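Just remember that the working numbering sits 5 ahead of the position in the sequence shown, which is counted from 1.
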Amino acid sequence: MGFKNELISWYRNHKRDLPWRNSTDAYLIWLSEIILQQTRVEQGMPYFLRFSEAYPTVKDFATASEDEILRLWQGLGYYSRGRNMLKTARKVMTDFDGTFPTAYADLITLTGVGEYTASAIASFSNNEAKAVVDGNVYRLLARYFGISTPINSTQGKKEFQALADELLNKKNAGEHNQAMIEFGALQCKPKNPNCEVCPFISSCFAYKHMQINVLPVKLKTLKIKERYFQFYIISNKKNQLIIKRRNNADIWAGLYDLPSIEFENAELSIPKPDNFTNWFKQTPIISAVSDQVKHILTHQRIFANTIEIDINAHDVIMQEGWIWVDFNELKNYGMPKLIFDFLKKIIN
Ligand code: ADE
């Protein structure tokens with residue numbers, strides 16, 4: 006038996022009974038795949054069941070509010086997935102007449118749907134001949150074929166995708182893809198794979214050459230840290246606003262920025278009134294709240310928005326380092342690009 010047949014035969018005997026596998030509904034498959042991004046099956050399962058019960062169709066999902074979605078999403082992390090899903094569900098209603106697309110070319114246009122997810126939905130729902138490559142598939146291919154190209158390099162991604170495409174059973178793409186993922190998840194596990202009972206024991210390169218613990222190869226990348234800030238544009242009637250010099254132990258050392266609050270997570274859209282009592286003698290009026298923007302630094306990703314407050318100078322409790330500066334003096338202070346862009350309409 007060749008690799009493909011051996012794989013399918015293993016899959017039919019060992020597959021788990023997972024709820025999204027009993028359906029070809031592209032909406033439900035999409036739901037499961039987004040939930041399972043960066044999430045283990047056991048952890049994602051209750052969320053899938055909750056979501057599919059609360060929103061049995063894409064129309065139900067699209068009419069939910071962001072608050073409802075994020076409440077159900079609570080505990081899963083990476084909340085942008087939940088927000089992107091709402092965007093996508095609404096786009097399906099407007100651009101696809103409420104029918105969740107099953108063609109790869111349509112799926113890839115949806116927010117939060119990348120190559121892997123588009124291939125998964127297209128093949129599981131409609132048997133489109135698109136090979137999936139996720140962590141499980143990288144591992145299986147690297148070990149079985151003895152490929153040491155780093156899986157997170159550009160070259161590696163190309164090479165593994167080409168191999169998966171070549172290997173794909175084009176007449177049975179959905180089941181083949183499921184089998185590749187399941188084999189990586191249950192049999193060819195990252196640690197302590199079950200080589201002794203593996204159907205590929207006599208043909209696996211890594212087993213034969215004792216490289217199970219070496220393959221797949223992954224390039225070490227520096228961890229990019231994500232940080233979340235709210236910047237306060239506090240101005241008075243005399244065309245002045247408050248800036249402060251940043252200290253030397255952090256990003257933008259010595260540059261000037263705005264009074265700010267750093268948050269531990271992304272949920273920063275609501276101003277924090279706790280700080281208001283420390284900063285202001287009376288509760289200030291917020292005149293504008295900006296959308297969040299993303300700003301990329303070498304080793305950090307900054308997410309930030311601004312809160313605009315108009316207030317009399319004598320109602321501000323000046324904090325260490327804060328200074329009032331005339332709008333027309335702002336150009337004399339060095340600022341990070343992010344802050345400069347926030348203040349563009351004032352600086353000139
Ligand atoms: N992980 C991501 N997608 C999956 C799927 N369809 N089946 C099992 N595990 C998965």
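For each residue, glycine too, the CB sits at the ideal point set by N, CA and C.
Fair warning: this is a prediction, and the values are worked out from it, not measured in the lab.
When DSSP reads this structure, Q305 sits in a beta bridge with K230. Within 7 Å of the C-beta of S37 there is at least one heavy atom belonging to ligand 1. If you check the CB distance, A108 and A127 come in under 8 Å. In this structure, ligand 1 has no non-hydrogen atom nearer than 7 Å to the beta-carbon of A59.
Not a single heavy atom of ligand 1 lies less than 7 Å from the C-beta of E267.
With respect to the 8 Å criterion, I312 and Q235 are classified as neighbours on the basis of their beta carbons. Of all alpha-carbon atoms in V142, K175, A184, the one lying nearest the alpha-carbon of E164 is that of V142. Assigned with DSSP and collapsed to three states, Q245 falls in strand. Contact fails between the region 233 to 247 and the region 172 to 182, because fewer than three Cβ pairs, one in each stretch, are under 8 Å apart. Contact between V97 and V63 holds, since their C-beta atoms are separated by about 5 Å, short of 8 Å. At least one heavy atom of ligand 1 is found less than 7 Å from the C-beta of L41.
With the rule of 3 Cβ pairs closer than 8 Å, the region 322 to 334 does not count as touching the region 287 to 296. In this structure, L335 places its C-beta atom within 8 Å of the C-beta atom of I351. A straight-line Cα-Cα distance of about 14 Å links K349 and I248. Nearest to Q216 by C-alpha distance, out of N280, G259, E267, L145, is L145. At a cut-off of 7 Å, the beta-carbon of Q48 does not count as near ligand 1: no heavy atom of the ligand is closer than that. About 7 Å separates the Cβ atoms of K9 and H181, confirming a contact at the 8 Å cut-off.
Of all C-beta pairs linking the region 27 to 38 to the region 201 to 213, fewer than three are shorter than 8 Å, placing the two stretches out of contact. The C-beta distance from L81 to T44 rounds to 6 Å, short enough to fall under 8 Å. Less than 8 Å divides the Cβ of I229 from the Cβ of R306.
The closest CA to that of N132, considering only N18, A31, F188, is found on A31.
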